[in-house]
Every structure is written in C-alpha cells, then in structure tokens.
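Trainee: So the protein lines, in turn, are chains A and B.
Per the working numbering, numbering through the first sequence is continuous, rising by one, with the last residue being 299.
Per the working numbering, numbering through the second sequence is continuous, rising by one, with the last residue being 288.
Idealized CB from N, CA, C, for every residue including glycine.
Would you mind keeping the following structure in view while I ask a few things?
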Amino acid sequence: MINYIYNIPHAIGSNVLNLFAHIGKISIFFYEIIFCTFTLPLYFKTFFNQIIKIGYNSLPVIGLTAFFTGSVLALQIYVGGSRFNAESIVASIVALGITRELGPVIAGLMLAGRVSASISAEIATMKVTEQLDALTTLSTNPIRYLVVPRVLAAMLTLPVLVLIADIIGIMGGFVVATQSLGFIEQSYIKNTFDIIQLNDVISGLIKAAVFGFIVAFMGCYHGYNSTGGAQGVGRSTTKAVVSASILILASNYILTSLVFNS
Amino acid sequence: MTDLILKIEKLHKSFGEKVILNDFNINITRNTSQVIIGGSGTGKSVLLKCILGLIEPDQGIISYNNTPLNRDTRKEINFYDEIGMLFQGAALFDSLTVWENITFAIKSKRKSDLREIALDKIHKVGLDSTVLDLYPSELSGGMQKRVALARAIAKDPQLLFFDEPTTGLDPIMADVINNLINEIIDQVGATAITITHDMESAKKIADKISMLYKGNIIWSGNPGEIECSNNPYVDQFINGRSEGPIKINIKD
Numbered sequence: 038m039i040n041y042i043y044n045i046p047h048a049i050g051s052n053v054l055n056l057f058a059h060i061g062k063i064s065i066f067f068y069e070i071i072f073c074t075f076t077l078p079l080y081f082k083t084f085f086n087q088i089i090k091i092g093y094n095s096l097p098v099i100g101l102t103a104f105f106t107g108s109v110l111a112l113q114i115y116v117g118g119s120r121f122n123a124e125s126i127v128a129s130i131v132a133l134g135i136t137r138e139l140g141p142v143i144a145g146l147m148l149a150g151r152v153s154a155s156i157s158a159e160i161a162t163m164k165v166t167e168q169l170d171a172l173t174t175l176s177t178n179p180i181r182y183l184v185v186p187r188v189l190a191a192m193l194t195l196p197v198l199v200l201i202a203d204i205i206g207i208m209g210g211f212v213v214a215t216q217s218l219g220f221i222e223q224s225y226i227k228n229t230f231d232i233i234q235l236n237d238v239i240s241g242l243i244k245a246a247v248f249g250f251i252v253a254f255m256g257c258y259h260g261y262n263s264t265g266g267a268q269g270v271g272r273s274t275t276k277a278v279v280s281a282s283i284l285i286l287a288s289n290y291i292l293t294s295l296v297f298n299s
Numbered sequence: 037m038t039d040l041i042l043k044i045e046k047l048h049k050s051f052g053e054k055v056i057l058n059d060f061n062i063n064i065t066r067n068t069s070q071v072i073i074g075g076s077g078t079g080k081s082v083l084l085k086c087i088l089g090l091i092e093p094d095q096g097i098i099s100y101n102n103t104p105l106n107r108d109t110r111k112e113i114n115f116y117d118e119i120g121m122l123f124q125g126a127a128l129f130d131s132l133t134v135w136e137n138i139t140f141a142i143k144s145k146r147k148s149d150l151r152e153i154a155l156d157k158i159h160k161v162g163l164d165s166t167v168l169d170l171y172p173s174e175l176s177g178g179m180q181k182r183v184a185l186a187r188a189i190a191k192d193p194q195l196l197f198f199d200e201p202t203t204g205l206d207p208i209m210a211d212v213i214n215n216l217i218n219e220i221i222d223q224v225g226a227t228a229i230t231i232t233h234d235m236e237s238a239k240k241i242a243d244k245i246s247m248l249y250k251g252n253i254i255w256s257g258n259p260g261e262i263e264c265s266n267n268p269y270v271d272q273f274i275n276g277r278s279e280g281p282i283k284i285n286i287k288d
C-alpha cells in the first residue's frame, strides 16, 4: 500500500518530465527544420521525388474519398432539409461544407494515414539500419536531406490536393443530387457558384498547408526519434499517424475559430 | 604536423548509471592500422560513435590532427570530408543505386564524372560495372559490404573507420574483405581504425591491436604479441573461453 502511495508522485513526476523533454525535442527539431529550410543547400531532386510520392500518388485515394464524402453529404442534407421543406439548400451546404471543412480535413486525415505512416516507417528504418549515421559521416545533415524536402513537399502539395478534392467532392454531391434526388443540373450548378466565395476556398487551402506541415513533421519527428529496432519502427509509425490526426483536428478548430473571428 | 592523427584523452561516456567508456585514452599514429577488440557491450561502437560525433561524450577530448573535435570544429576542418566509414550492416541507402551510393558525398560534379569515380572505386573493391545501376536490395551481403567499402573510400579519406567489417559474412567472404581492407589502406595511404571481435580479421589487418574491457584499454601490442600477452583477459578473449576473469553477466 505504501509503495502505491510512493508510486503516484513518482509516476506524475516522470510523466511531467517526459512531457517537457518531448516539448524540448519537438522545439529543437522544429528549429532545425526552419534553419535548414532557409539555408543552403536544398535538395531539389529529393524535393521533387517527394512531391510525386506525397502529392501525385495520393490523388486516387483523396479523389475517391472526396467523391463519396460529397455524395453522402448531399444525401444527408437532403434528408435533413426535407424535414423543414428546405431541400434546395443541398447545393449550398455541399459546396460550403466541402470547401471550408470536409475537403481539407478529409484530405489531411487521409494523408496522415498514408503519408505520415510511410515517412515515419522509412526514416525509422533508416535509423535502425544506421543510414542516418551514414548520412552524417558523408557530410550530409539528415534533417536537411530527409526532413526538409518532405515537409516542404507536403505543405505545397496538400493545398493542391485539397483544391482537387473540393472540385471532386462538389461533383460527388452534384451527381447524387441530379441523378437520384431529382435536382435540375443548371440550378444546382448556379446555386453552388452563387454561394461559394473566394474566401471559402482560400481558408480551406490555408488549413491544408498547415495540415501538410503537421503530417510531414509528425512522420519525420517520430521516425527520427524511433528507438528499439523493428518494434520501434511499428511504434513510431502508430505514433505518427495518431498524433498527426489529433493535431489536424485540433488545429482545424483553432484555424476555423481564427477565420471566423477575422 | 605530429605523427599522431587521432588522440583521445580521458573520454567518459555513460548511459544512465551504466558506464560505457571510463577514462579512455588512446593515441593513433598516422598510416597505421589500429584494431580495437573486445566483447559485446564493452563500448567499442560507442567509442567509434563518439569519434564520429554521432554521440556526445560526457567528458574527455578527441583531437584530430591536434584539433579538438566538437560540433563546430568538425565543420570548420571539414572532418567528414577527410574520413570514411564502413558500417557493420553496410548502411547503404535503399532508394539510391550503387553508383549514387558510392558518390553520395561528392558534390559539384557532373553525372558522367561521378559514374567514372564510382567505376574506379567499384573496381578497387573487386566488383565490375554491372552492379553500378543495381539497388542495394539486389546485392548479396558480401557485395553490399564491398559497395559500402567503395563508398567509404570514394573521397580518398585520410582516416578510415571499420565497424565489425566481417560480421555476418562467411569465412571466405570475410577473408576477401580483410584482403580488400589491407589493399585499400595501402592504396589510399590512410590510417584505419577497426573495431571487431573477429580475431582472424584483427590479426590479418592490424598493425596494432588494443583490447577494450569495461570502458578502457587493458592491453595493447602488435598482432604477433597477442598470443603471448600474459594477460588473462586477453588470453580468455582470443581463445574464446567462457572460464576466466571476464565474467559474462547475462543481465547485461
């Protein structure tokens, strides 16, 4: 019993210390990324490879997700709207919902699952097999060579992916609304264009850039700090996906609050 | 310039309460092949990582050509441009081809020049041009070690580090790697520091052997002297006996 009592402050103390250690490590990692981003050399070949890997290769999964999200949104809004004779709002809600919220969040979460995991596993494996040490002995800063190109590529490609997801998502709603809910094509398109403002799209794209940073940063950070061999690679991958997903949802709330307040 | 290329004084490193290197001292003379032997967990890899700047020591001075090494001085004297390192598991970059791996550290050259350099180095390690465009996963373990050796000598380094160069290889391939190391040290004119627990390899490539035990050097001498060292620790280690002054703590 006495042991349990002694263990409580010990557990609290060690967790608090761990938390501060993590914050410190994340801050140093962040600083090193910023420093390396704004100083030479930049590895353009790696950067373009990452644009293909993160951006182009994610197109199918993000396109499909956006299409089905738009479709189901149209169905749900139609059912909800019909309860107070407001079926006509389907086009407006789909357009606003996709551009302001669902486009960036769904794309961010899909990228967290696909890209954050892959980055983390790749870098953690490189650490386990001493490839990170090898980079250092070959006069190459691993953060400059591995992390910066991935972070920049994710920040640049996710807004483009979100723009495409916005278009496909709205198209998904359009297809369902016109083919199964009886909406007229011309009026659906007119309603969509009438409601959307440039700010709606831009706020989604700003969110996407932030989410892109989170996805790549978390993947790189957990991969880079992986310990414990093959098990460690698995652990770091899980941590990367979970932390990126939670941070995306939390930062989405903060960014939305800022956009609404402004 | 003195004859010493590397001098380590009072090096100390511990992880938590576990002391790995304890007041470690060694002088490495230029153009010699220094082999450090010792059992698993005696601090050989930690020593190498401290020299390379991959681990920060708690105390002590590591001097390269009379310059004390730290993060800043390693950059100032371009330390990493003057060394080559062969990692235990080769540590080749999976996403790059053999020639890209070999010439990875060589900047500001055209692709055709880089391929020429890669070809020259790959010949030095006994391979031919057919492997240049292969990826590491397409090579056997022995070939990967040879490519890693080619990468280590790509910039004609002054100081070469070998971390367990023959581990995981069959005896014939291990002998091939030992011969290559000897040839390369002669060709490049470099100083070599090797850590290993393979006694055949140590005797074959060393000008001088030192034994590391509990974080410090307990014996040094020429390969010919090791059989009659009169040191019970060395005797036990080189004869591979479980009985003797070196106690294996299974918990470690």
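Quick check on this structure: which residue in A111(A), F57(A), L77(A), I91(A) has the alpha carbon closest to the alpha carbon of S217(A)?
Mentor: Measuring from the Cα of S217(A), the nearest candidate turns out to be A111(A).
Trainee: Starting from A191(A), find everything on chain B with Cβ-Cβ shorter than 7 Å and list it in chain order.
Mentor: Within chain B, no residue comes near A191(A); the closest Cβ sits about 18 Å away, beyond 7 Å.
Trainee: Is it the case that the Cβ atoms of P186(A) and T83(A) are separated by a distance below 8 Å?
Mentor: Yes.
Trainee: Can you name the residues that DSSP bridges to Y290(A)?
Mentor: Answer is none; Y290(A) lacks a bridge partner.
Trainee: Would you say Y249(B) faces chain A, with C-beta separation under 8 Å as the test?
Mentor: So, not an interface residue.
Trainee: Starting from the C-beta of W135(B), find all residues in its chain whose C-beta is less than 6 Å away, skip the five residues before and the five after it, and write them out in chain order.
Mentor: The residues are R151, A154, L168.
Trainee: Evaluate contact between the segment 102–115 of chain B and the segment 267–276 of chain B, counting only Cβ atoms and requiring at least three cross-stretch pairs below 8 Å.
Mentor: With a cut-off of 8 Å, the segment 267–276 of chain B and the segment 102–115 of chain B do not count as touching, because too few Cβ pairs lie within range.
Trainee: Return the Cβ separation of M100(B) and S176(A) in integer angstroms, given the expectation that the two are a contact with Cβ distance under 8 Å.
Mentor: The sequence as given places Tyr at residue 100(B); Met does not occur at that position. That pair is no contact at about 15 Å.
Trainee: Take Q223(A) as the anchor and find which of F211(A), V53(A), I233(A), Q234(A) has the nearest alpha-carbon.
Mentor: Here the closest residue by C-alpha is F211(A).
Trainee: Only counting the same chain, and skipping five residues up and downstream in sequence, which positions put a Cβ closer than 8 Å to that of G225(B)?
Mentor: Closer than 8 Å at Cβ, skipping near neighbours: N67.
Trainee: Once the 5 residues before and after G140(A) are set aside, which same chain residues still bring their CB inside 7 Å of it?
Mentor: Result list for G140(A): A103, V199, A202, D203, G206, G241, in chain order.
Trainee: Could you please give me the residues that DSSP links to N63(B) through a beta bridge?
Mentor: K43(B).
Trainee: Against I125(B), what residues of chain A qualify as contacts under a CB-to-CB distance less than 8 Å, listed in chain order?
Mentor: Reading off the sequence shown, one finds Gly at residue 125(B), where the question assumed Ile. Residues of chain A passing the Cβ test: T166, E167.
Trainee: Counting only the same chain and skipping the five closest in sequence on each side, list residues whose C-beta sits under 6 Å from that of W255(B).
Mentor: Closer than 6 Å at Cβ, skipping near neighbours: M247, S265, N267, V270.
Trainee: Taking V165(A) as the reference, give the member of C73(A), K276(A), S263(A), L146(A) with the closest Cα.
Mentor: It is S263(A).
Trainee: What span of residues does the beta strand (DSSP E) with N252(B) cover, start to end?
Mentor: From DSSP, the beta strand (DSSP E) with N252(B) extends over 252–257.
Trainee: Hey, how far is the Cα of L77(A) from the Cα of I160(A)?
Mentor: Between L77(A) and I160(A), the C-alpha separation is close to 22 Å.
Trainee: With a threshold of 8 Å between beta carbons, is T174(A) in contact with chain B?
Mentor: T174(A) counts as touching chain B.
Trainee: Do you know how far the Cα of V183(B) is from the Cα of M37(B)?
Mentor: Residue confidence is low: M37(B) scores 49 on pLDDT, short of 50, so the model does not pin down where it sits. No coordinate-derived value is stated.
Trainee: Based on Cα-Cα distance, which residue from L101(A), P46(A), K276(A) lies nearest to Y258(A)?
Mentor: When each option's Cα is compared against that of Y258(A), the closest is K276(A).
Trainee: Interface residues of chain A around F140(B) at Cβ under 8 Å?
Mentor: Here the neighbours are L175, T177.
Trainee: Mind checking the segment 163–179 of chain B against chain A and listing, in chain order, the residues whose C-beta falls within less than 8 Å of any C-beta there?
Mentor: So the list is empty, because no residue satisfies the distance condition.
Trainee: Since I162(A) and L90(B) should fall inside the 8 Å C-beta cutoff, what is the C-beta to C-beta distance between them, to a whole number of angstroms?
Mentor: For the sequence presented, residue 162(A) should be read as Thr rather than Ile. Not really, about 18 Å apart at Cβ, beyond 8 Å.
Trainee: Helix, strand or coil for H233(B), going by three-state DSSP, please let me know.
Mentor: The answer is coil: DSSP assigns H233(B) none of H, G, I, E or B.
Trainee: Check N102(B) in the structure and name its three-state DSSP category.
Mentor: Of the three classes helix, strand and coil, the one that applies to N102(B) here is coil, per DSSP.
Trainee: Run through chain A and tell me which residues come within less than 7 Å of F129(B), C-beta to C-beta.
Mentor: Chain A residues near F129(B): Q168.
Trainee: To the nearest angstrom, how far is the alpha carbon of I99(A) from that of A58(A)?
Mentor: Going from the Cα of I99(A) to the Cα of A58(A) covers about 36 Å.
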